[in-house]
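Participant: To start, I am sharing the structure in question, which I have written as structure tokens.
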Amino acid sequence: MKQLTKAEEEVMQILWDLGEANVAAVLDEMPEPKPAYNTVSTIVRILETKSFVGFRKEGRGHIYFPLVKKSDYSSASMSKMVNDYFNGSFKSMVSFFVKKKEMSASELESILKEINKKE
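Per the working numbering, the very first residue in the sequence shown carries number 827; after that it's consecutive.
In structure tokens form, the structure reads like this:
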């Protein structure tokens, strides 16, 4: 699966949240300072060429909707991160966050419970 730029991910997050939207609605959901309408329109068209977004005509405009599920993209992104930064080792990634004190013991316990449910 192709990786998205930060701007493309921001637009996708909005489309995943809204389900479908025109460019103006996407722009309304963006934080200040908002980019130009044409910028958002260009990002949406790029997402369309990457097959992340589909559209249907409505009046004179288009309504855009995600073609890729958020969970599928999240899974692919996390796999890429683990492979790129932690040599494919989930253990190394968890260890990294524990050492950085960005993961508490209770969060680690929660992860272990989830893993045990899968087995």
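No residue lacks a Cβ here, since even glycine has one placed at the ideal position from N, Cα and C. All values derive from a computational prediction rather than experimental measurement.
(1) Going along the chain, which residues of its own chain have a beta-carbon closer than 7 Å to the beta-carbon of glycine 887, five neighbours each way excluded?
(2) Are isoleucine 840 and glutamate 858 close, meaning C-beta to C-beta below 8 Å?
(3) So valine 879 and leucine 873 are in contact, right, with Cβ under 8 Å, and what is the actual spacing, rounded?
(4) Taking lysine 895 as the reference, which of Ala833, Lys832, Glu846 and Thr831 has the closest Cα?
(5) Report the option in Phe881, Val908, Leu938 and Ser903 whose CA atom is closest to the CA atom of leucine 893.
(6) Would you mind giving the Cβ-Cβ distance between isoleucine 869 and alanine 833, rounded to the nearest angstrom? I have them listed as a contact below 8 Å.
(7) Quick one: is methionine 904 buried, meaning 16 or more other Cβ sit within 10 Å of its Cβ, or exposed?
(8) In whole angstroms, what is the alpha-carbon distance linking phenylalanine 922 and glutamate 928?
(9) Taking the alpha carbon of lysine 876 as the reference point, which residue from Asp843, Tyr899 and Lys828 has its own alpha carbon closest?
(10) For the alpha helix (DSSP H) containing phenylalanine 878, name the first residue and the last one.
(11) Identify every residue that forms a DSSP beta bridge with alanine 833.
Facilitator: In short:
(1) Counting only Cβ-Cβ distances below 7 Å, and skipping sequence neighbours, we find Asn848.
(2) Not a contact, by the Cβ cut-off of 8 Å.
(3) Yes, they are in contact, since the Cβ atoms of valine 879 and leucine 873 sit about 4 Å apart, within 8 Å.
(4) Nearest in C-alpha terms to lysine 895, of all of Ala833, Lys832, Glu846 and Thr831, is Glu846.
(5) From the listed residues Phe881, Val908, Leu938 and Ser903, the smallest Cα separation to leucine 893 is found for Phe881.
(6) Confirmed, about 5 Å.
(7) Methionine 904 is exposed by the Cβ-count criterion.
(8) Distance between the alpha carbons of phenylalanine 922 and glutamate 928 is about 9 Å.
(9) Nearest of Asp843, Tyr899 and Lys828 to lysine 876, Cα basis: Lys828.
(10) According to the DSSP assignment, phenylalanine 878 belongs to no alpha helix (DSSP H), since it is labelled neither H nor E.
(11) Alanine 833 is bridged by DSSP to nothing; it lacks a bridge partner.
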